[in-house]
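Note sheet for the following structure.
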Amino acid sequence: METLLKRRVPGFSLVELMISVVIGLLALWFATRLVVSGETNKDAAVGGGDSMQNGMLAMFQLSGDAAIAGWGLNDRAVAGCTANFSDQRGYQLLTAQRDGVSITPLAAVVIQSNGANPDVISFNSGSSNAGVASTLMKANYTGESYVVAAESMPYGYSAGDVLVVAPQTPDRPCTVMQIAGFNPASGRGAEMLLQGGSQYRYNVAAGMTQNYAMNVTYLYNLGRPDQLHFHTWSVNNGVLLLRAADLAGAEAAGVSVTDNIVSIKAQYGFDTRVLAGYDPNPAYNGKQLLPTANGGMQIGTWSGAMIDADGDGVTGGLGDYQRIAAVRIAVVARSKTAERPRPGGACTATAVMPAVFGTSVPSGVQAVPVQVNVAVAGDTLSWKCYRYRVFETIVPIVNAQYRP
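Under the working numbering, the first residue of the sequence shown is numbered 28, with each subsequent residue one higher.
The structure is reproduced here in structure tokens:
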């Protein structure tokens, strides 16, 4: 009787125990899949938010620079002139090509187009309240420690201001220099003094290396040296970099602005119309009128590289820079977090490298699309493991349309 009772004690059989283990494992598998799927979706959402934020920040900075570009540089003797430029803090103007020769143009926007790779873009403007204030140089300059203005202590010019010395004949370079003040001697108040030293960072020494002739050379005021808005943008290993003449510590090497920016691209928007008549200035005889003489500027051609926009036979001449009506900008940002590869090790987050500038705007102007290389040097993961966002805008170079 005792043995029979022991056999009837309730419990789990081996089969029941195995079934319970299998059900538990299935529940654990489904829970794990749910957690992994949730984490994947969260990474994609967070990565998309990061790329949106970084891309918008980069575009805001670039488009803001483009909007004010050219202030103080819009006179036809200045815009596009080959500049003698020196900064003791290390800022350098972006180089460009003029008929195959490397120059440093002083222009509202200068683009170093690098095909599928990130471009280098420079936006330049002064800060003088007078805008394009200028005074005629009334004595030949042959290396003196001063330049002579048309009047004594001209209005709007102060000690320390940065000037552009530009001839009306485009056969010689312009020069960026800094004045130390005016000669206090009686009857010599028209002499703008040139001095060396660290406080005059744009003077390599007392004087300039270029000679200039009186009555055909003007002195243009760009404003205070700490507000000279010369900015150069680039991308290196997924980081947007800025070199700036008005930002301490960023003059030579540049500073990081935001990460996960894999490319910036830009194109000039040229006004290529052929206008009736010719420039009446003898120094520019035979060249076409600038578009602003006929009701404003209109975009006719997009190009990442400089072209012969004014038809004078010179690619990258002053007239070509003066026909830049707008700049088209693209920023490509990537997600901060890489998505996990599929079984087999292949990533499928992005299958094809993104393209920019594919739309024909303004209407009737042919688009010049560019496919962007978004691979980052040194990255251990494939570029296909990331998602990308493309931001584009067109910014008119408004200051180019207002010339004295």
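By construction, the Cβ of each residue, glycine as well, lies at the ideal position given by its N, Cα and C atoms. The structure presented is a predicted model; accordingly, all values stated were derived computationally and were not measured.
Measure the alpha-carbon distance for residue i versus residue j and round it to whole angstroms.
{"i": "Y348", "j": "G107", "result": "5 Å"}
{"i": "Q88", "j": "G281", "result": "15 Å"}
{"i": "T109", "j": "S152", "result": "16 Å"}
{"i": "E366", "j": "Y227", "result": "52 Å"}
{"i": "D286", "j": "S387", "result": "30 Å"}
{"i": "A336", "j": "V417", "result": "29 Å"}
{"i": "A134", "j": "D406", "result": "36 Å"}
{"i": "Y229", "j": "P200", "result": "16 Å"}
{"i": "M204", "j": "Q195", "result": "18 Å"}
{"i": "N312", "j": "D339", "result": "Caution is warranted here: a pLDDT of 44 is assigned to N312, below 50, making its placement in the model unreliable, and no coordinate value can be reported."}
{"i": "M380", "j": "S409", "result": "12 Å"}
{"i": "Q294", "j": "I351", "result": "10 Å"}
{"i": "P389", "j": "R355", "result": "11 Å"}
{"i": "N101", "j": "D198", "result": "18 Å"}
{"i": "W98", "j": "Y184", "result": "16 Å"}
{"i": "V147", "j": "L255", "result": "19 Å"}
{"i": "S129", "j": "N111", "result": "13 Å"}
{"i": "L52", "j": "V422", "result": "60 Å"}
{"i": "V48", "j": "T59", "result": "16 Å"}
{"i": "Q325", "j": "F297", "result": "8 Å"}
{"i": "T131", "j": "C374", "result": "43 Å"}
{"i": "Q1", "j": "W56", "result": "Examination of residue 1 is not possible in this model, given that the chain is present from 28 through 431 alone."}
{"i": "V301", "j": "Y429", "result": "19 Å"}
{"i": "L221", "j": "A353", "result": "36 Å"}
{"i": "P309", "j": "V243", "result": "For P309, the predicted model reports a pLDDT of 46, less than 50, meaning its position is unreliable and no value from the coordinates is stated."}
{"i": "V231", "j": "T259", "result": "22 Å"}
{"i": "S78", "j": "V397", "result": "20 Å"}
{"i": "A94", "j": "Y413", "result": "32 Å"}
{"i": "N144", "j": "T299", "result": "27 Å"}
{"i": "S40", "j": "I50", "result": "16 Å"}
{"i": "A177", "j": "N210", "result": "14 Å"}
{"i": "S90", "j": "Q237", "result": "35 Å"}
{"i": "D253", "j": "T202", "result": "18 Å"}
{"i": "F257", "j": "K411", "result": "36 Å"}
Are residue i and residue j touching if we call contact CB-CB under 8 Å?
{"i": "A382", "j": "V399", "result": "yes"}
{"i": "L268", "j": "V289", "result": "no"}
{"i": "D114", "j": "F150", "result": "no"}
{"i": "N426", "j": "A96", "result": "yes"}
{"i": "L345", "j": "Y245", "result": "no"}
{"i": "M86", "j": "T420", "result": "yes"}
{"i": "A424", "j": "V175", "result": "For the record, residue 424 in the displayed sequence is Ile; it is not Ala. No."}
{"i": "A217", "j": "S261", "result": "no"}
{"i": "L392", "j": "G327", "result": "Here residue 392 is Val; the residue named in the question, Leu, does not match the sequence. It is a contact, given that the beta carbons lie within the stated cut-off."}
{"i": "D82", "j": "V401", "result": "As written in the sequence, residue 82 is Gly, which differs from the Asp given in the question. Taking 8 Å as the Cβ cut-off, G82 and V401 do not qualify as a contacting pair."}
{"i": "N264", "j": "A360", "result": "no"}
{"i": "V105", "j": "Y247", "result": "yes"}
{"i": "G343", "j": "A123", "result": "yes"}
{"i": "R251", "j": "G187", "result": "yes"}
{"i": "G192", "j": "M235", "result": "Position check: residue 192 holds Val in this sequence, whereas Gly was assumed. Against a cut-off of 8 Å, the Cβ pair of M235 and V192 comes out as a contact."}
{"i": "A166", "j": "M219", "result": "no"}
{"i": "L84", "j": "S154", "result": "no"}
{"i": "D126", "j": "V341", "result": "yes"}
Going by other Cβ atoms of all chains shown within 10 Å of its Cβ, with 16 needed for buried, is residue i buried or exposed?
{"i": "A54", "result": "exposed"}
{"i": "R215", "result": "exposed"}
{"i": "R103", "result": "buried"}
{"i": "I291", "result": "buried"}
{"i": "T364", "result": "buried"}
{"i": "G371", "result": "exposed"}
{"i": "N156", "result": "exposed"}
{"i": "R369", "result": "exposed"}
{"i": "M45", "result": "exposed"}
{"i": "G224", "result": "exposed"}
{"i": "I206", "result": "buried"}
{"i": "V42", "result": "exposed"}
{"i": "Y415", "result": "buried"}
{"i": "V189", "result": "buried"}
{"i": "Y182", "result": "exposed"}
{"i": "S161", "result": "buried"}
With which residues is residue i paired in a DSSP beta bridge?
{"i": "Y295", "result": "S330 and V354"}
{"i": "Y173", "result": "L220"}
{"i": "A271", "result": "H258"}
{"i": "L100", "result": "BP columns for L100 are empty, so no partner."}
{"i": "Q17", "result": "Beyond the ends of the chain as shown, which are 28 and 431, falls residue 17; an answer cannot be given."}
{"i": "N335", "result": "Sequence check: residue 335 is Asp here, not Asn. According to DSSP, D335 bridges with nothing at all."}
{"i": "M45", "result": "DSSP output for M45 lists no bridge partner at all."}
{"i": "N263", "result": "V266"}
{"i": "E419", "result": "A357"}
Q: Check whether the stretch 266 to 277 touches the stretch 104 to 118, taking contact to mean three or more Cβ pairs, one atom from each stretch, closer than 8 Å.
A: yes
Quiz item: Can you find at least 3 beta carbon pairs, one from the stretch 159 to 176 and one from the stretch 279 to 294, that sit closer than 8 Å?
Solution: no
Cβ contact check for the stretch 126 to 144 and the stretch 323 to 343: 3 or more pairs under 8 Å:
yes
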